[in-house]
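In mature numbering (1 follows the signal peptide of the UniProt record, and there is no 0), the protein residues as written are -23 to -1, 1 to 400.
Cβ coordinates follow ideal geometry from the N, Cα and C atoms, glycine included.
All values derive from a computational prediction rather than experimental measurement.
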């Protein structure tokens, strides 16, 4: 077994040590006090002053950089690169820390990967974590996350079994949020896709936090048919500006039109191309449209219910009219040997005036046309002269509905007709 040690940071000579076969095997130590306390650790490579200084039995480790792996005692299969990388690791194994002070405070965590200066600096005992980027990792108040991943400059994660992409303004020293682009090189939104290809099982809608305890200033949203009727769906292709895809035809709306009727559904976004040139465009949030549709259905339901009630009332009126008509003679009656006649009014239906023609024999002593409503109540009566004639009946003061008018001669009802009044 060979052990190489460079005693003193300025020594140029490499010293070869031979130890008993039951001690150290295939270790390679270069630097002042590198691996100074190794007893039974095997197959270790420590390069740099104080690298692996406290190692006792840890094996298969590679420490490069001043004080990297300084406190490692029994941890094995670790790779620490950079000044003070893995400095406090004591029993942790299978870790990879790359960068100055990467994983500096980790003591017993296993299977972690921290890449970047001070990446994972606050990890103590967490396992299976991956932090990539300057200061990427967790806050000092969280020390035991598992399977957490933070990617990006000052990216921070605070929950196990979670992945965070990019920095968050105001956290871990970050001053801005990060937009994530898939298929685009200048993402404008927090998540910007180059095409309409996102999918998830089940409903097409996304879950949102809606607990009343999380809300304030709650007000009724009343937009309905008045807005919906002004929404004009269109089919279109994107023209390629702002990195929009041009191959597929889409169905949607024009944001400028929506802004006129529902401005709360439209906002601006700033697109910056690769040359730094900026231009503002409008975007459209369709989430409110669902509730506009809900209100529209409610409004239409009220209209339907009103029409149903009116239809029911008309049915009742028609039944009453039928009952009244059933009591009236439907045939011609002879009076003093001659026949009286009554014609259908015109126009019918009517919304203003209507003309009723009649014929009364000269032998009649009294004749009249009487108007009844749907309840069989007399509304008006018109005295007639004998012979052929007509009356003009005004309907402006009458309520909409169906009426019956009858010809009476010498106390006998000769004939009746239906008259419909519109409004």
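Worksheet item: Anyone know if the C-beta pair for residue 60 and residue 83 falls short of 8 Å?
Response: If you number the chain shown from 1, residue 60 lands on position 83. If you number the chain shown from 1, residue 83 lands on position 106. No, Cβ-Cβ distance for residue 60 and residue 83 is not below 8 Å.
Practice prompt. Taking residue 168 as part of the alpha helix (DSSP H), name the residues at either end of that continuous run.
Written response: Residue numbering aside, residue 168 sits at position 191 when the chain shown is read from its first letter. Element bounds for residue 168: not the alpha helix (DSSP H) but the beta strand (DSSP E), 168 to 170.
Item to complete: Indicate whether residue 404 and residue 106 have their beta-carbon atoms separated by less than 8 Å.
Response: With the chain running from -23 to 400 in the structure shown, residue 404 is simply not present.
Practice prompt. Would you tell me roughly how many angstroms separate the C-alpha atoms of residue 246 and residue 265, rounded to the nearest one?
Written response: Residue 246 sits at position 269 when you count from the first residue of the chain shown. Residue 265 sits at position 288 when you count from the first residue of the chain shown. Straight-line Cα distance between these residues: approximately 19 Å.
Worksheet item: Roughly how many whole angstroms lie between the Cα atoms of residue 27 and residue 11?
Response: Residue 27 sits at position 50 when you count from the first residue of the chain shown. Residue 11 sits at position 34 when you count from the first residue of the chain shown. The straight-line gap from Cα to Cα measures roughly 5 Å.
Worksheet entry | Residue nearest to residue 146 in terms of C-alpha spacing, selected from 40, 89 and 167 | For the purposes of this step, residue 146 is taken as the residue at position 169 of the chain shown. It is 167.
Worksheet item: Would you call residue 144 buried or exposed, if buried means 16 or more other Cβ atoms sit within 10 Å of its Cβ?
Response: Looking up residue 144 in the chain shown gives position 167. When all chains shown are included, residue 144 counts as buried.
Discussion item. Does the structure place the stretch 329 to 341 close enough to the stretch 385 to 398 that three or more beta carbon pairs sit under 8 Å?
Written reply: yes
Discussion item. Does residue 237 come out as helix, strand or coil in the three-state DSSP assignment?
Written reply: Residue numbering aside, residue 237 sits at position 260 when the chain shown is read from its first letter. Helix, per DSSP.
Fill in: Cβ neighbour criterion (16 or more within 10 Å) applied to residue 296
Mapped onto the chain shown, residue 296 falls at position 319. So residue 296 ends up on the exposed side.
Item to complete: Please state if the CB of residue 347 and the CB of residue 382 are separated by a distance shorter than 8 Å.
Response: As a working mapping, residue 382 is identified with position 405 in the chain shown. As a working mapping, residue 347 is identified with position 370 in the chain shown. Result yes, Cβ atoms of residue 382 and residue 347 sit closer than 8 Å.
Worksheet item: What does a CB cutoff of less than 6 Å around residue 37 pick up in its chain, not counting 5 residues either side in sequence?
Response: Indexing the chain shown from 1 puts residue 37 at position 60. Around residue 37: 20, 53 and 54.
Practice prompt. Helix, strand or coil for residue 334, going by three-state DSSP, please let me know.
Written response: Against the chain shown, residue 334 aligns to sequence position 357. The answer is strand: DSSP assigns residue 334 an E or B state.
Worksheet item: How many Å lie between residue 156 and residue 50 at the Cα?
Response: For this step, residue 156 is matched to residue 179 along the chain shown. For this step, residue 50 is matched to residue 73 along the chain shown. Approximately 42 Å, taken between the alpha carbons.
Worksheet item: If you pair each beta-carbon of the stretch 196 to 216 with each one of the stretch 166 to 186, do three or more pairs fall below 8 Å?
Response: no
Discussion item. Along the chain, where does the beta strand (DSSP E) containing residue 230 start, and where does it finish?
Written reply: The residue given as residue 230 occupies position 253 in the chain shown. No beta strand (DSSP E) contains residue 230, which DSSP labels as neither H nor E.
Discussion item. Let me make sure I understand the geometry here. Which of 93, 94 and 103 has the alpha-carbon closest to that of residue 66?
Written reply: In the chain shown, residue 66 corresponds to position 89, counting from 1. It is 103 whose Cα lies nearest to the Cα of residue 66.
Discussion item. If the criterion is Cβ atoms closer than 8 Å, does the pair residue 204 and residue 239 meet it?
Written reply: By 1-based counting over the chain shown, the position of residue 204 is 227. By 1-based counting over the chain shown, the position of residue 239 is 262. Going by C-beta atoms, residue 204 is nearer than 8 Å to residue 239.
Discussion item. Quick test of your reading: residue 351 and residue 378, contact by CB under 8 Å. State the CB separation rounded to the nearest angstrom.
Written reply: Here residue 351 refers to the residue found at position 374 when the chain shown is read from its first residue. Here residue 378 refers to the residue found at position 401 when the chain shown is read from its first residue. Contact holds; Cβ gap of about 6 Å.
Worksheet item: Based on the DSSP output, what are the partners of residue 179 in its beta bridges?
Response: Your numbering for residue 179 matches position 202 in the chain shown. Looking at the DSSP assignment, residue 179 forms no beta bridge with any residue, so it has no partner.
Fill in: Cβ-Cβ distance between residue 86 and residue 96 below 8 Å
Indexing the chain shown from 1 puts residue 86 at position 109. Indexing the chain shown from 1 puts residue 96 at position 119. No. Outside cutoff.
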